[in-house]
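S.K.:
2 protein chains.
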Amino acid sequence: MALHFVDDSAAGAVAGDVVALTGSEAHHAASVRRVRTGEAVTLTDGRGAWLRGAVVAADPKRVEIRIDAREERSAPGRRVLLAQALAKGDRDELAVQAATELGIDGIVPWQADRSVSRWQGAKADKGRARWQSIVREAAKQAHRAWIPEVEAPVSTNELAARTGTTCVVLDPWTDAAVTSVDLPAGDLMLVVGPEGGIAPEEIERLTGAGALRARLGDSVLRTSTAGPAAIAVLNARLGRW
Amino acid sequence: MALHFVDDSAAGAVAGDVVALTGSEAHHAASVRRVRTGEAVTLTDGRGAWLRGAVVAADPKRVEIRIDAREERSAPGRRVLLAQALAKGDRDELAVQAATELGIDGIVPWQADRSVSRWQGAKADKGRARWQSIVREAAKQAHRAWIPEVEAPVSTNELAARTGTTCVVLDPWTDAAVTSVDLPAGDLMLVVGPEGGIAPEEIERLTGAGALRARLGDSVLRTSTAGPAAIAVLNARLGRW
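Residue numbers (the numbering used here), protein chains in the order written: chain A, 82 to 322; chain B, 82 to 322.
What follows is the structure, encoded as structure tokens:
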């Protein structure tokens, strides 16, 4: 069954209320998914509200749903974030998409020294909006009640200066493994470099600020493969799966 | 440092021998990677031989390398294979590519009931050749000494009839988790369905033949995300990482 997103005006809906999908959500539901009157659907506001209901009117501009049941899905107590280096081709976007399916709690676009792609000026807003759109679609596909936030892009210095989150830098040149490295309590941020790898001086800046280093096996992984695989291992280790 | 593939004629080379890259390997080394005389390179036959040497002649049609050292990298004692359902778009190819980077030992193209893509007649040879090419490039990118074999495509009945390998079917509708399900000794084959999921009667046929079912978390995963994530979990569980 497809999941649909409601906007904030419908986020407080309870059983018996009728809420509407509008704009692209209505178009997607009525014209792409072809929902019909009477059909059971699931809705979320992307902030934990999980609504089940039945379609009472289906028009490409407005789809109305009567809510039968509402539950609140709690946010994870311990967050796992992804600092994804901007990468060439669509490799960073594939990483962001898979990470969202796999349950990442937030995404930080990282302008690494070796990132071929640069988000500067207006490109930063455009790039972030594009990642937000990818995350939103992936969260819908994966039936997530929480849409991860895509933060503003950061430099390596900004990443190193961030507090309250322990960075785990994926680095093939260390002995510690993601599968066994000691993880401190609290929020974690997985740091994944661009196709050319993370520059040694960047790793120094990050570890100087308290980051851990860890590797995934002995293979050289594409940036689109490394982050999702590390998230899978962390999900298993943290008891999320 | 880039990895290059040598053909069978050079697979027996030892220190002091000069071996040649020809065809597309020579073109890739000389014109794309732009290797130069004197440069250190690593070669493999994709069957465990791992050769280090230095370029003594670099031409787009023929690159010659003097071997300095040879080692044999052993194949894993316990194999993990991927039965990947044919899927629409490039989702199956992305799965095959990431699985190869993550160390899969063999790939079985699976014509599942709900596979939108069909490999019939000449298309089967063409599809298999394309997957072989993707696997080869991914093995090179990941610096693997063993290139996984891409087998001929199989039907669900053929998959169920296969012996000597325990199938682990990724199925979101079971309570057992990939992170904790009991794994029998011997070779494993991860079975990943197409975008529309595995049909219930296919799951019955496979479990009737001894397959296990296991899920990855609570999310609905794309076929390109599910296999690689499950391989990461299995790598951790089997002590490969």
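Even glycine gets a Cβ: it sits at the ideal position worked out from N, Cα and C.
For Gly187/A, tell me which candidate among Gln165/A, Lys207/A, Gln201/A and Gly170/A has the shortest Cα-Cα distance.
M.R.: It is Gln165/A.
S.K.: Asp206/A and Thr304/A look like a contact to me (Cβ under 8 Å); what is the Cβ gap, rounded to whole Å?
M.R.: Going by Cβ atoms, the distance from Asp206/A to Thr304/A rounds to 23 Å, so no, they are not a contact pair.
S.K.: Can you tell me the Cα-Cα spacing of Leu302/A and Ala223/B, whole angstroms?
M.R.: So the two alpha carbons sit approximately 6 Å from each other.
S.K.: Find the nearest neighbour of Leu280/B within the set Arg195/B, Thr103/B and Ala156/B, judged by alpha-carbon distance.
M.R.: With the sequence shown as reference, residue 280/B is identified as Ala, and Leu is not the correct amino acid for it. Looking at the Cα atoms, Arg195/B is the closest of the given residues.
S.K.: If you measure between the beta carbons of Gly267/B and Ala180/B, is that distance less than 7 Å?
M.R.: The answer is no: Cβ separation not under 7 Å.
S.K.: Please report the straight-line C-alpha distance between Gln192/B and Ala135/A, rounded to a whole angstrom.
M.R.: Cα to Cα, Gln192/B sits roughly 35 Å from Ala135/A.
S.K.: Can you give me the Cβ contacts of Val235/A inside the same chain, cut-off strictly under 8 Å, excluding the 5 residues immediately before and after it?
M.R.: Taken in chain order, the residues that qualify are Ala164, Val189, Pro190, Trp191, Gln192 and Arg243.
S.K.: Do Ala313/A and Ala313/B have their C-beta atoms within less than 7 Å of each other?
M.R.: Contact: yes.
S.K.: Between the Cα of Ala203/A and the Cα atoms of Ala233/A, Arg115/A, Val197/A and His108/A, which residue gives the shortest distance?
M.R.: Ala203/A has its Cα closest to that of Ala233/A, out of Ala233/A, Arg115/A, Val197/A and His108/A.
S.K.: Unbroken beta strand (DSSP E) runs of length 3 or more, entirely within the stretch 94-175 of chain B: which are they?
M.R.: Runs found: 99-103, 121-125, 130-140, 143-153 and 161-166.
S.K.: By alpha-carbon positions, which one of Val137/B, Ser112/B, Glu120/B and Ala310/B ends up nearest to Val99/B?
M.R.: Taking only the C-alpha atoms, the option nearest Val99/B is Val137/B.
S.K.: Ignoring anything shorter than 3 residues or poking outside the stretch 257-294 of chain A, list the beta strand (DSSP E) runs there in chain order.
M.R.: The stretch 257-294 of chain A contains these whole beta strand (DSSP E) runs: 268-273.
S.K.: Since Arg296/B sits in a beta bridge, which residues does DSSP pair it with?
M.R.: Ala258/B, per the DSSP bridge assignment.
S.K.: Trp212/B by DSSP, collapsed to three states: which one?
M.R.: Correct three-state label for Trp212/B: helix.
S.K.: Counting only Cβ-Cβ distances shorter than 7 Å, please list the residues of the stretch 290-319 of chain A near chain B, keeping chain order.
M.R.: The residues in question are Leu297, Gly298, Ser300, Val301, Leu302, Arg303, Thr306, Pro309, Ala310, Ala313, Val314, Asn316 and Ala317.
S.K.: Just the chain B side, please: which residues come within less than 7 Å of Thr260/A by C-beta, in chain order?
M.R.: Correct list: Ala317 and Trp322.
S.K.: By the 10 Å Cβ neighbour count, where 16 or more other Cβ atoms means buried, how is Lys142/A classified, buried or exposed?
M.R.: It is exposed - the Cβ of Lys142/A has fewer than 16 other Cβ atoms within 10 Å.
S.K.: Bridge partners of Ser189/A, per DSSP?
M.R.: Checking the sequence, you will find Val at residue 189/A rather than Ser. Val189/A is bridged to Ala164/A.
S.K.: With DSSP as the reference, please indicate the residues paired to His85/A in a beta bridge.
M.R.: His85/A is bridged to Leu124/A.
S.K.: Thinking C-alpha only, which one of Arg115/A, Glu145/A and Leu269/A is nearest Gly97/A?
M.R.: Measuring from the Cα of Gly97/A, the nearest candidate turns out to be Glu145/A.
S.K.: What separation, rounded to the nearest whole angstrom, lies between the Cα atoms of Asp299/A and Pro229/B?
M.R.: Rounded to the nearest angstrom, the two C-alpha atoms are 16 Å apart.
S.K.: At 9 Å on the CB atoms, spell out the chain B contacts of Leu183/A, in chain order.
M.R.: Residues of chain B passing the Cβ test: Leu297, Gly298, Ser300, Leu302, Thr306 and Ala310.
S.K.: Return helix, strand or coil for Ser236/B, following the three-state DSSP convention.
M.R.: Note: Ser236/B maps to strand in three-state DSSP.
S.K.: First and last residue of the beta strand (DSSP E) that includes Leu251/B?
M.R.: Thr246 to Leu251 is the span of the beta strand (DSSP E), which, as asked, contains Leu251/B.
S.K.: Mapping the DSSP letters down to three states, classify Val177/A as helix, strand or coil.
M.R.: Three-state DSSP puts Val177/A in a helix.
S.K.: Could you give the residue range of the alpha helix (DSSP H) that holds Arg318/B?
M.R.: First-last of the alpha helix (DSSP H) with Arg318/B: Thr304 to Arg318.
S.K.: Could you name the residues of chain B that Gln222/A contacts, counting a contact when the two beta carbons are closer than 8 Å?
M.R.: Val301 and Arg303, listed in chain order.
S.K.: Report the partner residues of Val231/B according to the DSSP bridge assignment.
M.R.: Per DSSP, Ile188/B.
S.K.: What's the call for Leu319/B, buried or exposed, on a 16-neighbour Cβ count within 10 Å?
M.R.: Exposed, because fewer than 16 other Cβ atoms sit within 10 Å of the Cβ of Leu319/B.
S.K.: CA-CA distance, Arg115/A and Leu269/B?
M.R.: Each residue's Cα considered, the two are about 40 Å apart.
S.K.: For a contact defined as C-beta to C-beta under 8 Å, what are the partners of Arg225/A on chain B?
M.R.: Residues of chain B passing the Cβ test: Ser300.
S.K.: For Asp263/A, does the count of other Cβ atoms within 10 angstroms reach 16, so buried, or fall short, so exposed?
M.R.: The residue is exposed, with fewer than 16 neighbouring Cβ atoms inside 10 Å.
S.K.: DSSP three-state call for Ser198/B: helix, strand or coil?
M.R.: Three-state result, Ser198/B: coil.
S.K.: By the 10 Å Cβ neighbour count, where 16 or more other Cβ atoms means buried, how is Glu182/A classified, buried or exposed?
M.R.: When all chains shown are included, Glu182/A counts as buried.
S.K.: Applying a beta-carbon distance threshold of less than 7 Å, which residues of chain A neighbour Ala179/B?
M.R.: What Ala179/B touches in chain A: Thr306.
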